[in-house]
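Only one structure is covered here, and it is reproduced in the block below.
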Amino acid sequence: MASIEKKKNTSQEITINDNINHYIYSVHCHILHDRAKKINGYIILIRDITADKELEIMKSDFISTAAHQLRTPLSSIKWMMKMLLDGDVGKLSTEQNDLLKKGFQRSNEVISMMNNLLGITEIDRDKLPFKIEPTYIDKVLEKLYDHYVENAKQKGITLILEKPKGELPLIRVDLQKINMCVQNLLDNAVKYTAKGGKVILGAYTKDKNIIIKVADSGIGITDEEGVKLFTRFYRGKRAINEEPTGSGLGLYIVKSIKLKHGGEVWFESEKDKGTTFYIKLPIKD
Ligand code: ADP
576 MASIEKKKNT
586 SQEITINDNI
596 NHYIYSVHCH
606 ILHDRAKKIN
616 GYIILIRDIT
626 ADKELEIMKS
636 DFISTAAHQL
646 RTPLSSIKWM
656 MKMLLDGDVG
666 KLSTEQNDLL
676 KKGFQRSNEV
686 ISMMNNLLGI
696 TEIDRDKLPF
706 KIEPTYIDKV
716 LEKLYDHYVE
726 NAKQKGITLI
736 LEKPKGELPL
746 IRVDLQKINM
756 CVQNLLDNAV
766 KYTAKGGKVI
776 LGAYTKDKNI
786 IIKVADSGIG
796 ITDEEGVKLF
806 TRFYRGKRAI
816 NEEPTGSGLG
826 LYIVKSIKLK
836 HGGEVWFESE
846 KDKGTTFYIK
856 LPIKD
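Each residue of the sequence shown is one higher than the last, beginning at 576 in my numbering.
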């Protein structure tokens, strides 16, 4: 514990390898103060967490394998439904078409849950691969708009793409991960907005940053919900009432991905009026 910071309580994990064995310890240092608030001692707690960590890895491996195995057949089912919907094997009646559309939408939701589960196992092990490349954010948003517009329409929601004034500069990000973040925000905006509402997707530049915005006119977020929002597995009670399907992982993933990009994520909201989420990504020269 030579590296204890003397003024604050600290916690850290220490790994010890002796060629054969591998041990992980959690070390917590608590500072004791006297009445005059001067430091007069330390309590150091050392706990062997090797078994806990191994169990965590096994759990994470299991989730990752299950999600991988389930995602492949689900994707096939989704594409078969798409072929039927596109009339590739004949014309459908209105009832058949409506039912299939709902099935197609549900399969999209389950695939996005699987993707979040896979993302979470990789984030937990710090193994989420990042491929940073020059990207035009406006193009990413246009594609997402095309992907979501039909989905939103089916729920009776108007999706609007707010085009930036002028061209946005190229930005170095992991395209797929930013896509995943905005997808999670759009999923939520559509899920937590009732029929007749609207969702706006847009981006603009501000002080050497690109800001992506997803605004909705949905159920909103209360102060109480707001503090827990980015915690993994957290789902608001009103959100569950509105939409029982969900994993509570979307915003945790958004937070983890923006950290890797040196960005920020925040929201503004009013209960029953709507919510706007922002992702700020620095433009590096
Ligand atoms: P999920 O949507 O699966 O519940 P998320 O991590 O994406 O998980 O979101 C966590 C919680 O944050 C939601 O359950 C909901 O309570 C709240 N939330 C997120 N986005 C919105 C939104 N656009 N409007 C209202 N509540 C939201």
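Note that the Cβ used here is the ideal one computed from N, Cα and C, for glycine as well.
On a predicted model such as this, the values are computed, not experimentally measured, just so you know.
- Checking the DSSP bridge columns, you'll see Y767 has no partner listed.
- The shortest C-alpha to C-alpha distance from G825 to any of L692, Q671 and Q644 is the one to L692.
- Setting aside the 5 residues that flank it on each side, K657 has no residue in the same chain whose C-beta is closer than 6 Å to its C-beta.
- T647 sits exposed, since fewer than 16 C-beta atoms from the chains shown fall within 10 Å of its C-beta.
- As DSSP reads the structure, Q587 sits in a beta bridge with V602.
- Residue ranges of uninterrupted beta strand (DSSP E) with 3 or more members, entirely inside the stretch 752-822 and ordered along the chain, are 773-781 and 784-791.
- Distances from the CA of A814 to each of D701, K738, D762 and S831 were compared; the closest alpha carbon is that of D762.
- In this structure, the C-beta of K766 approaches the ligand ADP to less than 7 Å from one of its heavy atoms.
- With contacts defined as CB atoms closer than 8 Å, K730 and V765 qualify as a contacting pair.
- For the ligand ADP, a non-hydrogen atom lies closer than 7 Å to the CB of R810.
- Bridge pairing for I614: H608 [DSSP].
- Secondary-structure assignment with DSSP links V748 through a beta bridge to E708.
- According to the DSSP assignment, S668 belongs to no beta strand (DSSP E), since it is labelled neither H nor E.
- When secondary structure is reduced to three states using DSSP, P648 falls in the helix class.
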